[in-house]
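Written out below as structure tokens is the structure these notes cover.
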Amino acid sequence: MEAGYLISLIIIGVSIVFLVVMGFYAMKKMKPTLKNIERTRTNVQDQVEHFNNEADVMKKKVDLIMNRVDNTQEVAQTSLERMNELSEHASSLSHSLTYLKEHSAEYSKGIAQNTYTEIKTDGPRLAKTFKRAFKGTVEKQKQRHQNTPPNTL
């Protein structure tokens, strides 16, 4: 073997040993950093999970609030519809009362005329019927008292 070949093998051997030693040395120096990186990765993963859980809770709360808002809107809409119906009924009642007020004189005059006519036509007939009934009742009472002997106790 030639000396140049032998020197090159020695240089290669020393280089490989040097690289292995440097690899172990770098690994020893990098080990705490790698542990810190792993710890940081675990911590970050835990934080991500924590904030994802918090986000889910907040989303559920927001959904619940949105459902309540929707229900409140439905109730408000129903209330507005009922208020509109009530307003329409009040308006109709107001129109009816106005119409009645405008025509009340005519109605009361007609009612008075009808009452007067009824009294005029039915009054004497009712009086005659009442008089006849009263006389019949008096006659029956007289007959009853004449037929029954007085009670003696």
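Note that the sequence shown covers residues -18 to 134 in the working numbering. Ideal Cβ placement from N, Cα and C applies to all residues, glycine included.
My output table needs one value for residue i: the three-state DSSP class, helix, strand or coil.
{"i": "residue 66", "result": "helix"}
{"i": "residue 30", "result": "helix"}
{"i": "residue -17", "result": "coil"}
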